[in-house]
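Written below as structure tokens is the structure these notes are about.
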Amino acid sequence: MSSDGNLFVQVGSYNTNLQGGAGVPQDLVDWLVPTLQVASFLSKELSAPDIFAIGFQELLPLRLGLAGLSKAVIDDRDAHIRSQIEKHTPGKESYMLVAKVVNVGVALLVYARDSGVARRICDVQTQWTGTGPAYMGNKGAVGIRFRVSDRGSKAGEVFTFVCAHLTAHEPKLAQRVADYHHIVSTLLFPPLPSSPSFSPTTMYSTSHLFFLGDLNFRITIPPSHPHVQTSQPYDVLAMLKDDASREQLKGFDQLLNQRRKGTAFIGLREGPFWTFKCTYKYKLGEVDRYNTKRIPSWTDRIMYATHTDSPDTPEKSNITNILYTSIPSYVTSDHKPVVCLLLLPPPITSSSPETCAPPMLRLPSSYTPTPDPRATLKRYIGRTLDRIIGSIWWLLAVVGAGSAIVGIFNFFLGLAAWRWWKVPAVSVADT
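Numbering that gives the first Met the number 0 puts the first residue of the sequence shown at 0, with every later residue one more than the last.
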């Protein structure tokens, strides 16, 4: 926390390529230290973040995630992250796990500094939703919401973190936009105890919103562009070599264009993502070599909004973006993790101790996020299918020694052997 009472929030996101327990290195210093060092410009001493939010996509093999067998991986990741946070923060600060939530392979963990904001956190909620086929969770989002109480009133401020993994592949832009709207309408939180309403609320019913994940928006360069012949990986690679070219390349970023049009991520802001190289798709084991089967893109993003942001200035935020970068040294995935350090505006202290309503985000008058009345039904249809398909897939993989295809072959081979064994032997006397 700064001397003015502003909270530091560090947000990180990483698609770990279905690696499970091997998804992150043992030493997470590259992911933590840059943000801790850059915080020094705000004070004479290094300041530890007040809140850490760490999101993962493709946390573990898909069959295990669908089957609901993620507990061991997320518990191990929690212990590992917390030990690394406490090891590398100035003053060896200790942190409390506010909440963790996982749906298939999308996971989110939020921590708060024990000596500060953790003591004022209450009303913690978690939620999940799927955007895959029939609302399955191979794609979707998870969320964590909590209230930070205000010493001067009953209201305080509400924090909402959402981690998402949206539809892949460049041509499926419309599906990604649809995924976003599905998340808004089905990732619903119960009303806070202080709320006069009994209706569920969307992610926008909050004082501060943070949206992160592998959002899968791509670079699309039209063939008519004067600097390229076709929208091919080699053309984008040529434009990634220096800062000026990357800033020009941002104009072809699908997410930025959709946000500016007001078709997705309404009210959210983002730091200068073009100051670092595209985070996807890298060759495994390589720090700086792209896989040219895909056009390099900034698929991994972190966005945010606060209640003092004006809907009339959609590109400006009262949240100070201190640092926004990727971590090239991580090589076990075809993605690079991203991290962002944010300084929130000072909290608004109410003059009335009886004030119960926390401040809420201000959105454009043309946009009203609406909860889906069938959200719960859709979520549990998806989860039921997740468990059925995941359990069958897991069982076949066990029979096939790790391969579902071999498992299917072994199943039919065993079935044929069983049917052969059940046919009675024909003796000479019977002929």
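All C-beta atoms in this analysis are idealised placements derived from N, C-alpha and C, irrespective of residue type, glycine included.
Bear in mind that the values here come from a model prediction, so they are computed numbers and not experimental data.
| Query | Result |
| --- | --- |
| Based on Cα-Cα distance, which residue from W392, Y366, G4 and V157 lies nearest to F264? | Y366 |
| When the Cα atoms are used, what is the spatial distance from A449 to R118? | Absent from the model: residue 449. The displayed extent of the chain is 0 to 430, so no value can be given. |
| Can the beta-carbon of V157 be found closer than 8 Å to that of R146? | yes |
| Can you give me the Cβ contacts of L187 inside the same chain, cut-off strictly under 7 Å, excluding the 5 residues immediately before and after it? | Q126, P199, T200, T201, P370 and A374 |
| Among V105, G104, R81 and H87, whose alpha-carbon lies nearest the alpha-carbon of M95? | R81 |
| Counting contacts by CB-CB distance shorter than 8 Å, is A140 in contact with chain D? | The structure shown contains no chain D; it holds only a single protein chain. |
| Looking at the structure shown, is T430 part of a helix, part of a strand, or coil, going by DSSP? | Reliability fails at T430, whose pLDDT of 48 lies under 50, so the model's placement of it is uncertain and no value is given. |
| Within 10 angstroms of its Cβ, does K43 collect 16 or more other Cβ (buried), or is it exposed? | For K43, the predicted structure reports a pLDDT of 46, less than 50, and the residue's modelled location is therefore unreliable. The matter cannot be settled from this model. |
| Identify every residue that forms a DSSP beta bridge with M302. | F210 and E269 |
| Under 6 Å Cβ to Cβ from Q228, same chain only, skipping five residues before and after it: list those, please. | With a pLDDT of 49 at Q228, under the threshold of 50, the modelled position of that residue is not reliable, and no figure is offered here. |
| Express the C-alpha separation of D213 and I326 in angstroms, rounding to a whole number. | 15 Å |
| Starting from R144 and walking both ways along the alpha helix (DSSP H), at which residues does that stretch end? | Careful: R144 lies outside any alpha helix (DSSP H), inside the beta strand (DSSP E) at G139 to V147. |
| To the nearest angstrom, report how far apart F251 and V235 are at their CA atoms. | 10 Å |
| I'd like to confirm the pairing. Which residues does DSSP put opposite K99 in its beta bridges? | L108 |
| Label R293 either buried or exposed according to how many other C-beta atoms from any shown protein chain fall within 10 Å of its C-beta, with 16 as the threshold for buried. | buried |
| Between P358 and T205, what straight-line distance do the alpha-carbon atoms span, to the nearest angstrom? | 7 Å |
| Report yes or no: do the region 70-87 and the region 320-338 share at least 3 C-beta pairs separated by less than 8 Å? | no |
| Along the chain, where does the alpha helix (DSSP H) that runs through A173 open and close? | L172 to T185 |
| Indicate whether S316 and R268 have their beta-carbon atoms separated by less than 8 Å. | yes |
| Classify S12 as helix, strand or coil using the three-state DSSP reduction. | strand |
| So, for I84: in the same chain, excluding its five sequence neighbours on each side, which residues have a beta-carbon less than 7 Å away from its beta-carbon? | L31, F51, Y94 and Y110 |
| According to the Cβ coordinates, are T262 and V183 closer than 8 Å? | no |
| In three-state terms, what does DSSP make of E57? | coil |
| Apart from the five residues on each side of it in sequence, which residues of its chain come closer than 6 Å, Cβ to Cβ, to L248? | M238 |
| By Cβ distance, which residues of its chain are closer than 6 Å to G129, with the 5 residues on each side in sequence left out? | M135, G136, G139 and G381 |
| Can you tell me whether T383 is buried or exposed? The criterion is at least 16 other CB atoms within 10 Å of its CB, across all chains shown. | exposed |
| Pick helix, strand or coil for F188, following the three-state DSSP scheme. | strand |
| For E156, list the residues DSSP reports as bridge partners. | V147 |
| Please identify the residue among P344, E285, P89 and P346 whose C-alpha is closest to the C-alpha of V330. | E285 |
| With which residues is D252 paired in a DSSP beta bridge? | I218 |
| Out of curiosity, what's the CA-to-CA distance linking G104 and I53? | 14 Å |
| Using a Cβ-Cβ cut-off of 6 Å (strictly less than) and excluding sequence neighbours within five positions of C277, which residues of its own chain qualify? | P295, S296 and W297 |
| Cβ of L178 within 8 Å of Cβ of T159? | Here residue 178 turns out to be Asp, not Leu, going by the sequence shown. In this structure, T159 does not lie closer than 8 Å to D178 by Cβ. |
| Name the residue from W273, P345 and G142 whose alpha carbon lies nearest to the alpha carbon of T307. | P345 |
| Determine the direct distance from the alpha carbon of T312 to that of R62, and round the result to whole angstroms. | 44 Å |
| Determine, using beta carbons only, whether G67 and G389 come nearer to each other than 8 Å. | yes |
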